[in-house]
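Only one structure is covered here, and it is reproduced in the block below.
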Amino acid sequence: MAALEFLTIAEASKLIATRKLSPVELTEACLARIEALDHLLDSFVTLTAERARAEAKAAEATIMASGPVSRMHGIPYCLKDIYDTAGIRTTGMSRTLADNVPTRDSYCTEKLVAAGGVLLGKNATWEFAHGGPSWDVLFPPARNPWNRDYSPAGSSSGSGAAIAAGFAPATLGTDTGGSIRSPAAACGIAGLKPTYGLVSRRGVIPNCFSHDHAGPLAWTTEDVAILMQVIAGYDPEDPGCANVPIPDYTAALTGDVNGLVIGVPANWLETDNPPTPATKAAFEAALDVFRGLGATVRPVTMPPLQQFDDCKKTIAVAELFTIHAADLRARPELFGDSLRYRIIAGGLVRAEEYILAMRMRTDLARAMQAVMATVDVLMLPTNEPAGKLEPIPPASLFTRSSFTTPFNTGGNPALSVCCGFAANGMPFSLQIVGKLFDEPTVLRAGDAYEKATPWRDKRPVLVAKETA
Amino acid sequence: MTDSPSHDDIVLLARQAGLNLPPAYLQELVEAYGNVRQMIDRIPTGRPRGDEPAHVFVPTKFLPAGQ
Amino acid sequence: MDLPHDASRLDLSDPTSLGIAELGVAIRSGLLSPVTLTQACLDRIARYDNVLHSFITVTADRALASARAAEAEIAGGGYRGPFHGIPYALKDIVDVEGVPTTAHSRLMPDTPATADAHVTALLEHAGGILLGKLGTFEFALGGPSWDLPWPPPLNPWNTDFLPGGSSSGSGAAVAAGFVPAAIGTDTGGSVRWPAACCGIVGLKPTYGRISRRGVQPNTFSIDHCGPMTRTARDCAIMLAASAGYDPLDPGSADEPVPDYVAALSGDITGMRIGLIRNWYAGEATEEVTEAVDRAAALLATLGAIVEEVVLPDIGQYADAKTLISMSELYTIHAPDLRTRPEMFGAKLRQRVMGGVFIRAEDYLNAQRWRADLARGLNMQFSRFDALVTAGWLNAADPADPNGADFFRRGRNVTMPFSVAGVPSLSVPIGFGAHGLPLAMQVAGAPFAEATVLRIGHAYEQATEWHTRSPILHSGVSA
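See the structure below:
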C-alpha cells in the first residue's frame, strides 16, 4: 500500500473495513508526519494528539467488534480553527480569542464525531477567516507545501496545506468569497463550497452570515463526496439551513460525463479578468479532457464580475463590522492590522447602502440562476497559481475581482480541482459550478476529470529542516 | 455620485459609530473607507420601490426545535 | 346566531347589512342577484361616502359588468365558491390591472397599473366583485394626513374620530357596510388598528401566507396583506380565497392552505390561552383594559383555560421593528426624497427621512433583536394554543389635524405579532365613550390561522357586537 499518510479517505476506509489497516496505525502515521514536518508549514495551530489517540483506539475497538459505522470511521481529520470544538481552544487566529474555549461542538464537529472520525487538531486560518496572511496575529501564517515560500491562499490556509502535505486526509474549511476554493486551488487539492444552506454553520465563527458556507477539502473529489455525506443535512438551529433531501453523493460518482453541457463565462475570461496565458492554456486543456469524455462546451454571458465583488463586499464589510463591533470599539489593537483595515469601515456603511447591495444581490442571483438553467455546469479557472507568501496590501480586498465570489453571491455549489502544474511547480486549478443543490453533477464532473488525468499521482515533497 | 466625505467628516462619522480611534487607526479608517466608498458608489440606486432585497423572513425558523 | 342553512330565512331587504357568509348562501341559492347586491353597495357608497371618504376610486362600471358576468355564470351552474358574487375593495396600494394605484399620494403616476396584484388575481378568480380602491395613509405610512390629494377617511361610528390606519379606508368601508370584504395591509398594525377602531374583524396572517406581489412595499420583511370583514367566519372565507404560495414573492410561504371555514367548530373547550396582561394593564385606557379583561373572562366561561403570561415590554418590539422599517422605507423612497421631496405629504416625508442615518450595523442588530424577540414569542406556543391581548391601547383618535401624532408615541400592542410574523386577529369586544368600538387581539403560532379564527368565532357567537352597525349620515351634495 501507499505511504499511510498519503492514503485517501476512500482508500483508507476500504482498508479499515477489511481490517487491513488499523485507525491507530493511520493516526500515528499522521501525527508523526505532523510532528516531523509541520514546522515547515505551520498548518496546525492546535494539535490534539492525546484525543486523537484515544479516538483512534476507540474506533479500532468498535470496528473490530461490529465494523465501521461510516466511511469516516477511524479516519483522521482536522478543522479550520473557526469550527467550535468543545474543550479545545478555537481562536480564529485572533488575539481577541486567544483564551476562547467553546463548551459545545459545532454541528459539523458533532457530525464528524458521530461518524467516528479522529480529530488531529485545528488548522491555521486568516484572522477570522478574513484578514489575509498576517504576521501580527496569534500564530504565524500557514505555507504552501509545494513551495513553502509560497502562499497556500486562504482563508482556509492551514486546511489546504494540511491535506496537500499528507498531514490528514480530511478537513473542513469555510468559504465566504472563495476561502475553501482558493486554498484548494493553491495547494492542488479538491475543495467544495456547497450550496448555501446545505451544511449547517452552527458553531462556526461567522464571517458574513448571508454568504458563509461550511465545506470539505481533501486530496480527491471522491473524498470530498464522502465528507459531504457526513456533514450535509438540515439543522433547525442554523436559520439559513435548507430542509432538503440529501442524495447519495458517492453513488453520483459514476464517471460518466457524456453529454454534459459546460458553460464558460466568456465575458469574465475575455474582458473582466483575463487569466495569464499559462493559466488559460491549462484551463483550455481541462476543457479538452471533458470534450474527450463526451461533454460539450459553450460560452455564456454573466453580469460583470466586479458587480459580484461590489455586492458581496459591501454586504460583508457591514456584517463583519457588526460581528466584531464590540472589540473594534473597545480593543481595536488586538486585531491584526490587515483584518482591522478590512472591516473597520463597515461601521460607516448606512443601512440604505446595505439594503441597496442586497437588492443588487437579488438581481445577480436571478441572473446567475437564469444562466445555470441553460447549462449543466459552469467551468472556469479558480485562481491564478499561488504567489509568494507575503503581506497582501489590505486595500486589494476591495479592488481585486475574483472568480470565486460570484458563487457565494448566487449560493451555487462550486468545486475546485487541480488541473496541472505551472513551470514553477505550483498547481493550476479548475472550478466547476452547478445548479443549486446539484452537488451530484458537480462532484461527478470533478471525479471524472481527476480519474482521466495524472494530477492526483503527484504529491509535494517536504524535507524537514535540520535542527540546530 | 455624492461628494466624498472629508477627513473631518469621517472623524465625525466614526464618532457617531462609536469608534474613538487613535490617530494611526483613524488614518487607516479614512483610507479603508475611501475604498469601501468607491465600492458603494458602484451599487445601483434609483430603483423602483418594489425591488426586494435578497433577504427573506421565515417565521417558522424561530419555532423551538421539534415544532 | 349561526348561519342559516335555509337562505329563504335571510332578510334580503338591505343586502349591504349582511356579511359574506349570508350573502354567499343567498347568492348560491339564487335568491339574491350579484347585480342587485353590487348596485345596493354602489348606491350606499354614493349616498354616504362623501362624508366618510373611504374610497379613492369607485370602479362602478367594472363592478356592474363583473356582477352581471357572475350572475350569468352562477345561473349557468358555474358557482365558484363562497366568494362568488361578493363585492370587495382593496387598500389603494394593491394593484388592479387597468386601474391607477394612488397610494393616496402625489408621488404615484395617473397611469393604470399594468397587472393585478397576486391577491387581486386570487379574489377575482374566486368570483369577487371589485368595487374600488380605498383610502390609506400615504404609502401605508404617512397619515392621518390632511395635505394629500384626497382627505383622510373618517370613522363611521363617529365622524369626529378617525378609523385608525394605515388601512383606514378598508376599516371604514367595511364598518359602513359599503363592502362586506376589504383587503388591508399590516406592517406594525395597519389591519388590526383600523379593525379595532371600526368594530370589525381584521386578520394579520402569518408572514408569507398571502402574497405581497403587486402591493406597494412599506417594509419588505414585515409587510402582510390581510382580510377585513364583519365577522370571523367572513374572515375565514376571505382568507381561504386569498391565501396561497406565490413563487414570485420571495417572502411567500409554500405551506398548504387548510380549510379555514371547516375549522370554525365553535368549540374552544380546553384550549389554552395566554393572556398578555402586562401589555395593556396600566398603559391602555380604563375602558380598553376593562373590556379586554371581560373578553378574557368570557373566553374562560366558554371553556378555554385562560392564564396570565408576562412577555417583554412592547417597546422592545416597537424599537426593533421601527429600526428595520425605517431603514427599508428610506431605501424605498430615497429616489423621490432626493429629487422631489416637496411632493410627499409632510408626515410621510418626516417619517421616512429619519432612516437616512441608520447604519447597517444598527439595521443588522435590529434584525438580530428581531430574531430573539420572535424566538421568545414563539416559545409561548409550546405552552399555549393562542395568546390574547388588547387590540389597541385606546379607542379611535379624534379627527384633528393638530392632534397628537400616534407615530411619535412609538409604542403599540400590535407590533409584537408583526415582529414574530405570527397570525393575529383583531376581534370587536364592545364599545366605549363616544360610541367607539374596542377590540382584542387573538394570536397564534405560525400558520395557525384556523386556531385563531376558531377562538374569534366562538367569542363572536357568544356576543352581539358584530350585529351592531353605525348609523350613517349622508353629506350635503355639492
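Chains as they are written, first to last, in this note's numbering: chain A, 5 to 472; chain B, 649 to 715; chain C, 465 to 942. Think of the CB as a built atom: it goes at the ideal place given N, C-alpha and C, for glycine as much as any other residue.
Here DSSP, grouped into helix, strand and coil, assigns Asn866 (chain C) to coil. Of C:Gly690, C:Gly746, C:Pro880, C:Gly818, the smallest CA-CA separation from Arg834 (chain C) is found for C:Pro880. For Phe684 (chain C), the chain B residues whose Cβ falls inside 7 Å of its Cβ are Glu700, Pro701, in order along the chain. Between the segment 853-869 of chain C and the segment 479-497 of chain C, the count of C-beta pairs closer than 8 Å stays below three; the two stretches do not touch.
Contact between Ala903 (chain C) and Val891 (chain C) is confirmed by a C-beta separation of about 6 Å, below the 8 Å threshold.
Neighbours of Asp314 (chain A) in chain B, taken as residues at a C-beta separation under 7 Å, are given in chain order as Met687, Arg690, Ile691. At a C-beta separation below 9 Å, Ile822 (chain C) has these neighbours in chain A: Arg354, Ala355, Glu356. When the alpha-carbon of Ala69 (chain A) is set against those of A:Gly181, A:Tyr87, A:Ile20, the nearest one is in A:Ile20. A Cβ-Cβ distance of about 46 Å is found for the pair Arg363 (chain A) and Gly170 (chain A), leaving them out of contact under the 8 Å criterion. When 8 Å is used as the limit between beta carbons, Arg697 (chain B) is near these residues of chain C: Gln680, Pro681, Ile796, His797, in chain order. Judged by DSSP secondary structure, Asn127 (chain A) falls within the beta strand (DSSP E) whose first and last residues are 122-127. Distance from Ile347 (chain A) to Leu324 (chain A) at the Cβ level is roughly 4 Å; contact confirmed, criterion being Cβ atoms closer than 8 Å. Inclusion of Ile13 (chain A) and Val208 (chain A) in the CB contact set at 8 Å is not warranted, their separation being larger than that value. Annotation for Tyr81 (chain A): no alpha helix (DSSP H) segment contains it, though the beta strand (DSSP E) segment containing it runs 80-84. Nearest C-alpha to Ile769 (chain C) among C:Asn858, C:Ile674, C:Leu851: C:Leu851. As DSSP reads the structure, Tyr87 (chain A) sits in a beta bridge with A:Val208. If only complete runs of 4 or more residues are kept, the segment 497-523 of chain C shows the alpha helix (DSSP H) at 498-516, in order along the chain. Restricting attention to beta strand (DSSP E) runs no shorter than 3 residues, the segment 680-740 of chain C encloses them at 688-693, 736-739, ordered along the chain. Taking 8 Å as the CB threshold, Asp718 (chain C) stays off the interface with chain A. Distance from the Cα of Tyr673 (chain B) is smallest, within the candidate group A:Leu434, A:Val353, A:Leu338, for A:Leu338. Inside the segment 811-894 of chain C, DSSP marks whole alpha helix (DSSP H) runs of 4 or more residues at positions 824-847, 870-873, 879-884, from first to last along the chain. Under DSSP, no beta-bridge partner is assigned to Phe642 (chain C). For Cys422 (chain A), the uninterrupted beta strand (DSSP E) run begins and ends at 418-425, by DSSP. Under the Cβ criterion of 8 Å, Tyr238 (chain A) is not counted among the residues facing chain B.
Here Thr683 (chain C) has Thr651, Ile788, Ser789, Glu792, Leu793 as same chain residues with Cβ atoms under 7 Å from its own Cβ, once five neighbours each way along the sequence are excluded.
When the five nearest sequence neighbours on each side are left out, the beta carbons in the same chain lying within less than 6 Å of the beta carbon of Leu401 (chain A) are those of Arg346, in order along the chain. According to the DSSP assignment, Leu44 (chain A) belongs to the alpha helix (DSSP H) that extends over 27-45.
By the neighbour-count criterion, in which a residue is buried when 16 or more other Cβ atoms sit within 10 angstroms of its Cβ, His898 (chain C) is exposed. Under the DSSP definition of a beta bridge, Thr50 (chain A) partners with A:Lys126.
Apart from the 5 residues on each side of it in sequence, Leu936 (chain C) sits with its Cβ closer than 7 Å to the Cβ of Tyr512, Pro620, Ala640 in its chain, given in chain order. The C-beta distance from Ala534 (chain C) to His548 (chain C) rounds to 6 Å, short enough to meet the 8 Å contact threshold. Listed by position along chain C, the residues whose Cβ is nearer than 8 Å to that of Val704 (chain B) are Ser685, Pro714, Gly715. Leu677 (chain B) reaches chain A at Ile348, Ala349, counting residues in chain order whose Cβ is nearer than 7 Å. Per DSSP, Lys317 (chain A) is one residue of the alpha helix (DSSP H) stretching across 309-334. Residues of the same chain with a CB within less than 6 Å of the CB of Pro156 (chain A), apart from the 5 flanking positions on each side, are Ala146, Asn148, Gly164, Ala165, Pro187, Ala190, Cys191 in chain order.
Flagged as an interface residue toward chain A: Val684 (chain B), by a C-beta distance shorter than 8 Å.
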